[in-house]
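The structure appears right after this line, and notes come after that.
Protein chains in written order, with the working numbering: chain L, 161 to 789; chain V, 19 to 634.
Below you can see the structure in the form of structure tokens.
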């Protein structure tokens with residue numbers, strides 16, 4: 161018997177509208193949510209003006225236009241694993257993996273008759289179907305503060321934002337607080353930069369405030385570049401007014417009257433949403449001159465970036481806004497002293513800004529009840545990889561790695577946990593021994609990783625760690641701006657070495673080379689991109705060195721992921737260096753002089769010369785020689 | 019001015035570099051302080067005349083034992099303890115050099131720069147003789163499309179000196195970085211070849227390049243810089259007076275570079291850096307009469323006899339010559355009642371007359387009216403350039419104009435033909451004649467904008483430029499010839515407390531003091547001190563030789579002129595001369611002998627004195 165929905169009360173709904181919210185986040189889009197959206201439009205359009213909609217839960221027929229049934233695009237809901245997601249409000253129903261074929265059914269059953277379609281609901285561990293997000297662990301274990309409105313309110317409506325307390329913090333700040341109080345409150349809350357660095361946001365604002373300048377800037381950094389990270393995009397697409405409100409507050413606290421959001425042009429929906437929101441905010445008097453009659457002026461504009469990872473770096477970002485190439489420059493001077501057009505500039509990540517109105521409304525103490533002592537509040541994570549519930553989640557800081565993985569549904573199937581890569585390409589790999597470690601800004605730095613923007617790739621025991629390092633390095637060397645040699649050349653050389661290792665062509669000494677190159681790149685690069693680029697290699701070398709050795713010395717990928725084989729050299733022989741005693745007996749018997757090596761040193765066989773006769777195998781006293789397959 | 023990026027360096031700071039106490043001035047970088055204390059911090063991308071970018075990472079030093087910073091971008095601060103020569107830092111430097119070595123074609127033995135290469139020096143200093151990282155370079159075809167500059171990007175370490183030079187010194191912006199990551203490369207304009215580009219062939223990038231990525235085929239494989247002798251002299255190709263560092267080896271000129279402490283920050287132009295080297299014509303060493311080689315005495319006798327018996331002598335001397343030679347020429351030829359012509363004399367004389375008149379009329383010091391240093395152009399709020407022909411005639415000045423326009427300065431250009439600075443100008447005005455005189459009609463053109471100026475007058479334009487902003491500098495190109503324009507411009511400058519840079523067609527501004535005349539129409543003898551016998555000098559000499567029955571020629575090279583001459587007497591080439599030249603600012607500059615003369619002639623002046631003596 162289908163669950164019958166109750167008519168929503170006035171409290172549940174903003175304006176009495178029924179809303180079909182179709183996620184247009186990256187994950188859902190990739191599984192066809194744009195087509196689902198079109199299908200809904202078609203279905204709803206078919207109702208258009210022709211008939212009134214009989215809703216079994218309603219008191220009589222209601223004109224659908226009066227009800228305002230309208231499919232809406234939203235930013236990411238987070239639960240990407242089961243996309244496309246369709247949320248129907250105010251009934252609070254979440255349908256998962258909705259296909260175009262399901263749309264007619266949803267309109268007929270759920271919209272018209274108030275029935276829940278069980279097959280489209282989340283199936284929990286017990287096999288029960290859950291229609292409400294409160295009953296889905298992925299959501300119920302989260303603490304959605306920054307993302308609180310995402311997927312819930314209409315991002316294109318100022319009015320809806322206001323019903324959630326929107327722009328109240330701004331009013332409080334502008335009419336009742338001094339700038340010192342504002343950044344003081346943010347300092348008290350211990351809000352740290354969510355873009356990766358974890359620098360205290362309140363301090364940043366204080367430094368900018370202390371600069372004596374007639375013109376200052378604040379910039380919202382939405383140049384989200386980590387592969388698989390999309391929390392900022394989700395915020396801008398799902399709750400753009402929150403970002404605007406955070407920016408006005410930042411402007412007031414630092415003494416800036418101009419704000420810019422630097423946004424990737426590859427996020428067209430985010431660009432549209434923020435542009436619309438800025439327009440509406442101007443209209444409503446939340447931007448422009450004399451905001452809400454307080455005498456504070458603030459202008460806000462959108463700057464589209466061309467999607468370079470390095471442009472997330474503050475100095476490169478500013479250079480890009482100024483029309484220059486996205487190339488970083490040395491600090492000092494810090495942006496707070498001399499930034500955009502040499503004016504004091506404050507750059508905050510979008511997620512950091514989204515937390516600000518909450519802190520102002522609820523106070524520093526309220527904020528600090530979440531998270532850990534050194535890292536208060538929540539953090540969004542983009543969890544991908546071998547978990548059963550991958551997606552975007554917001555959880556209190558300080559959960560252990562294991563707890564985070566549990567929220568994401570644990571390791572998929574019956575495989576074992578092996579590692580996580582945290583912090584995107586700049587972060588590091590953590591192993592099993594870190595599972596009980598609370599995840600905070602500082603704890604991660606202690607173990608050679610970093611929180612970054614919150615990308616988290618979970619890997620099971622069938623993952624080759626050398627290949628993981630290669631993947632991330634391939635990304636960073638491609639994204640290097642090319643200004644300084646350690647990053648421009650060093651990352652490429654490391655990649656080449658990793659490639660030959662995963663191809664089974666690794667050489668003795670490659671591990672040392674990787675470590676030397678990695679250390680020099682980390683210590684000598686100009687900006688954060690280069691300084692952190694070797695992290696994936698250095699951390700996998702630390703925790704999974706044996707895998708590198710197996711590739712190099714045994715021509716074997718323990719996880720079975722790399723296609724190591726003889727390739728063109730199948731049928732020739734190779735010497736396992738760690739077993740070779742350097743006795744020269746193979747050298748003596750080889751009829752084609754393919755084997756080289758000084759006495760006492762590990763020998764090697766040149767596969768180009770080797771004819772595969774096998775005489776060396778016979779001669780070897782330590783069984784160090786094997787055929788390449 | 020210091021290039022420290024940190025603004026709050028204290029005045030008179032004391033720091034310690036590798037245990038040595040070092041004094042630094044307010045705002046100096048660690049690198050600048052170290053240089054003055056003779057401490058050699060390794061660098062590759064740093065260059066004294068360019069901004070610091072911290073790109074090559076060679077100058078990373080340890081600060082206070084806790085962090086590494088680039089010495090070129092970090093301000094020296096009181097009490098800093100700096101370490102340069104630590105094992106750890108050298109390990110990183112060596113590893114980075116290994117990376118660079120393995121990523122490009124740095125096979126030194128095939129490279130023109132071998133022995134003079136800063137990268138090679140750094141390899142040696144780091145003790146690097148091989149690389150342990152995979153060797154792989156893109157194998158880019160060298161760009162030899164420019165006659166004077168070859169670009170071999172396989173040897174480029176992307177230090178960006180050339181890009182910064184082209185932008186900050188030359189102001190032309192031809193060279194840029196393209197692509198990113200390992201694909202990073204130097205791109206010429208919108209990725210065209212150097213030969214097809216906006217490059218002005220000044221070669222400043224060649225001088226700045228630390229490796230063999232940019233070199234001149236004129237100098238390639240002629241010898242190492244470190245085995246050369248260097249003589250600093252003054253260029254006489256225009257009136258700017260750039261200082262040339264001429265590198266010679268075994269009596270041969272290897273290359274010419276701009277003196278980096280000179281008035282133009284090491285900048286030269288195509289004429290001074292390359293064309294002086296590129297003259298491949300046969301050198302004249304023997305005197306000739308009627309095509310036959312004769313002794314010098316015979317040649318002088320014949321010349322003086324011809325001059326003495328002439329019904330009129332038209333004499334011409336190139337103003338590339340030193341002041342002393344021109345004076346000797348004037349005196350010697352006066353002894354034969356010759357009429358004298360020296361290029362540029364007319365304009366220079368006119369200018370000096372105008373200035374004297376103004377001095378009396380307006381009670382101003384003419385020295386206050388003239389621009390003292392090319393750097394003043396950059397400090398002007400407005401630059402008004404009359405005649406953009408300076409791009410060809412005075413290329414180094416054009417660089418300063420572009421630099422100013424790229425900065426805060428408003429550039430107004432006025433030309434009767436093609437505006438060669440249009441790309442940089444805020445207001446480009448085409449006038450029927452650049453030397454249009456002031457009319458009584460003063461229209462309020464400012465409201466109408468620059469379009470209204472199309473038919474405007476000089477005064478209108480000046481009016482506009484002065485309204486645009488405060489400090490203005492007027493640059494007069496060689497095409498400005500009439501007294502009225504000159505009076506107007508100098509007068510305006512005098513009354514508005516502004517300055518003028520006057521760039522006449524002449525090279526040696528001393529010609530203003532050498533008496534000249536209009537040439538005679540029926541003279542039967544031409545006496546031609548053609549000096550370098552190139553370009554306009556050669557053209558005018560040939561013209562005069564053809565008009566005369568007998569032509570006496572002083573020449574350095576075989577040319578069409580020597581072919582039609584009756585008497586040919588060898589003259590000193592530019593690098594053999596000695597004396598002084600007066601530049602556009604009115605300063606005396608020394609011309610030094612770079613190489614000993616090839617032929618019998620040791621001094622043009624003595625020869626002219628001999629001639630004078632014979633006449634007497």
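A virtual CB, placed ideally from N, CA and C, is assigned to each residue, including glycine.
Item                                                                                                             : Value
Within 8 angstroms, strictly: CB atoms of residue 306/L and residue 536/L                                        : no
Candidates 623/L, 745/L, 568/L, of which the one nearest residue 576/L by Cα                                     : 623/L
Continuous alpha helix (DSSP H) stretch holding residue 187/L: start and end                                     : 186-190
Bridge partner(s) assigned by DSSP for residue 169/V                                                             : 161/V, 232/V
As assigned by DSSP and simplified to three states, the class of residue 632/V                                   : helix
Residue 15/V in three-state terms, based on DSSP                                                                 : No information on residue 15/V is available, as it lies outside the stretch 19 to 634 that chain V covers here.
Any C-beta of chain L under 8 angstroms from that of residue 176/V                                               : yes
Buried or exposed (CB count within 10 angstroms, at least 16 for buried), residue 642/L                          : buried
Assigned exposure category for residue 116/V - 16 Cβ within 10 Å defines buried                                  : buried
Supposed contact pair residue 544/V and residue 563/V - C-beta distance, whole angstroms, cut 8 angstroms        : 5 angstroms
From 323/V, 520/V, 337/V, residue whose alpha carbon lies closest to that of residue 402/V                       : 520/V
Rounded distance between the beta-carbons of residue 333/L and residue 204/L, thought under 8 angstroms          : Not quite, the Cβ-Cβ distance comes to about 41 angstroms (not below 8 angstroms), so this is no contact.
Residues sharing a beta bridge with residue 605/V, DSSP                                                          : Residue 605/V pairs with nothing; no bridge assigned.
Contact check, residue 321/V vs residue 360/V, beta carbons under 8 angstroms                                    : no
Residue-chain proximity (residue 154/V, chain L), Cβ-Cβ < 8 angstroms                                            : yes
Per-residue burial, residue 160/V [other beta carbons within 10 Å of its own, 16 or more giving buried]          : exposed
Start-to-end residues for the alpha helix (DSSP H) that takes in residue 799/L                                   : The first residue shown for chain L is 161 and the last is 789, placing residue 799/L beyond what the model contains.
Helix, strand or coil at residue 86/V [DSSP, three-state]                                                        : strand
Cα-Cα separation, residue 72/V to residue 260/L                                                                  : 55 angstroms
CB contact check: residue 706/L to chain V, cutoff 8 angstroms                                                   : no
Residues from the stretch 83-107 of chain V in contact with chain L, defined by Cβ distance under 7 angstroms    : 86, 88, 91
For residue 497/L, the three-state DSSP class (helix, strand or coil)                                            : coil
Selection from 561/L, 546/L, 541/L that minimises the alpha carbon distance to residue 552/L                     : 541/L
Distance, residue 462/L Cα to residue 480/L Cα                                                                   : 13 angstroms
Entirely enclosed alpha helix (DSSP H) segments - the stretch 383-428 of chain V, minimum 4 residues             : 384-387, 393-397, 408-411, 413-424
Limits of the alpha helix (DSSP H) - the one that residue 347/V falls within                                     : 341-352
Per DSSP, cross-strand counterpart(s) of residue 616/L                                                           : 543/L, 582/L
Extent of the continuous alpha helix (DSSP H) to which residue 445/V belongs                                     : Unbroken run through residue 445/V is the beta strand (DSSP E), 445-448; no alpha helix (DSSP H).
The alpha helix (DSSP H) enclosing residue 368/L, as first and last residue numbers                              : 361-370
Residue 394/L: first and last residue of the uninterrupted alpha helix (DSSP H) it sits in                       : 391-398
Buried versus exposed call for residue 511/V [16 or more other C-beta atoms within 10 Å across all chains shown] : buried
Host beta strand (DSSP E) of residue 41/V (start-end)                                                            : 38-42
As assigned by DSSP and simplified to three states, the class of residue 458/L                                   : strand
Nearest-angstrom Cβ-Cβ length linking residue 582/L and residue 558/L, presumed shorter than 8 angstroms         : The pair is not a contact, with the Cβ atoms about 14 angstroms apart (cut-off 8 angstroms).
Helix, strand or coil at residue 611/V [DSSP, three-state]                                                       : coil
For residue 332/V, the three-state DSSP class (helix, strand or coil)                                            : strand
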